[in-house]
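Notes follow the structure.
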Amino acid sequence: MRVTHLGHACLLVELANRRLLIDPGNFSAGFEDLTDLDAILVTHNHPDHFDPEPAARLIRANPRASVHTDPLTAEKLAAEGLRAVPTRQGEEFEIGDVTVRPVGELHAFNHDQMPVIPNVGVVLRADGEPTLFHPGDAYDAEPGAVDVLAHPLNAPWCASRDSIAFVGRIAPRYVVPIHDALLSDRGKRMYSGHIESFAGVEGLTLRHLDDGESGVF
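Using the UniProt record's numbering, the letters of the sequence shown map in sequence onto residues 1 to 217.
The structure is reproduced here in structure tokens:
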């Protein structure tokens with residue numbers, strides 16, 4: 001499995017001879033010109049995870065790619081004449097030899113002035129490959145055993161204690177920090193260090209990927 005961090009919450013995941021892009025948002029860069037995608041996955045309809053104009057261009061530039069999004073984003077794409085299959089918890093689907101299992105239902109609570117919208121994370125599995133979980137913006141999903149956790153490192157909706165507890169509960173082999181555009185480089189290292197020190201996961205390896213950087217798992 002090869003994972004490329006395209007900034008903030010956006011990942012290009014290459015496994016089992018498939019190329020899957022997750023959460024092309026407005027804090028990310030480098031996804032706009034991607035081609036030969038097999039699937040585009042969106043966890044929820046906030047602009048830092050789904051930037052409508054460049055994402056629509058991306059979809060049109062990758063006519064072979066299937067598009068799977070939370071129900072709200074699917075509605076908005078349909079209004080633009082673009083088809084997306086709504087993802088719902090428990091309804092698995094296949095992208096070639098990759099099984100995608102949607103998990104979770106709602107975005108984490110921000111504050112009283114912001115509505116809680118659908119948020120559906122994705123677990124990617126393929127024979128002979130590590131398992132990757134991208135939760136979108138929530139810490140409450142139950143993905144099962146996970147090798148690689150794309151971990152939202154910082155957000156208005158989370159506290160450091162919740163972040164640490166989430167990693168401890170999922171207990172992955174690897175953590176790849178995402179959702180980090182609001183942090184300085186020193187801040188990223190500090191939050192990541194807290195996870196390494198306090199999550200209590202034996203054998204945990206933190207793989208920090210800079211924007212545009214790839215890692216093989």
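We treat Cβ as the ideally placed atom computed from N, Cα and C, and that holds for glycine.
All of these numbers come straight from a predicted model, not from anything done at the bench.
Inter-residue Cα distance where the pair is residue i and residue j
i: L183; j: E91; result: 35 Å
i: H49; j: A29; result: 12 Å
i: H208; j: Y191; result: 11 Å
i: residue 279; j: D210; result: This structure does not reach residue 279, given that the chain is present from 1 up to 217, and the question cannot be answered.
i: D70; j: F166; result: 22 Å
i: L72; j: G25; result: 15 Å
i: V123; j: A79; result: 28 Å
i: V201; j: G168; result: 6 Å
i: A74; j: E94; result: 18 Å
i: S77; j: L106; result: Sequence inspection shows Leu at residue 77; the Ser mentioned does not correspond to that position. Distance between the alpha carbons of L77 and L106 is about 19 Å.
Sequence-distant residues of the same chain with beta carbon closer than 7 Å to residue i, five excluded per side
i: A150; result: L11, L132, F133, H134, V176, I178
i: L37; result: R19, L21, N62, A65
i: D33; result: none
Short Cβ contact (9 Å threshold) for residue i with residue j
i: A16; j: A126; result: yes
i: G212; j: T35; result: no
i: F31; j: A181; result: no
i: I170; j: H194; result: no
i: P115; j: D147; result: no
8 Å CB neighbourhood of residue i in its chain, flanking five on each side removed
i: G121; result: T43, P102, V103, G104, F133, H134, P135, G136, A138, A141, P143
i: F109; result: V116, W157
i: G7; result: F27, S28, A29, G30, A181, D211, G212
Reference residue i, options the options, closest by Cα
i: A199; options: E94, T99, R161, P118; result: R161
i: E129; options: P24, V13, H8; result: V13
i: R57; options: I40, P115, P152; result: I40
i: V100; options: D51, A9, A155, T87; result: T87
i: P47; options: A84, A9, V67, K188; result: A9
i: G81; options: E53, Q89, D97; result: E53
i: H111; options: A155, R186, D185, Y174; result: A155
Cβ-based neighbour list, residue i, same chain, cut-off 6 Å, excluding 5 preceding and 5 following
i: E196; result: L206
i: M1; result: L15, E129, P130, F217
If we require 4 or more residues per run, which alpha helix (DSSP H) segments fall completely within the stretch 152-199?
160-170, 185-198
Counting only runs of 3+ residues fully inside the stretch 57-142, write out the beta strand (DSSP E) ranges in chain order.
66-69, 93-95, 98-103, 121-125, 132-134
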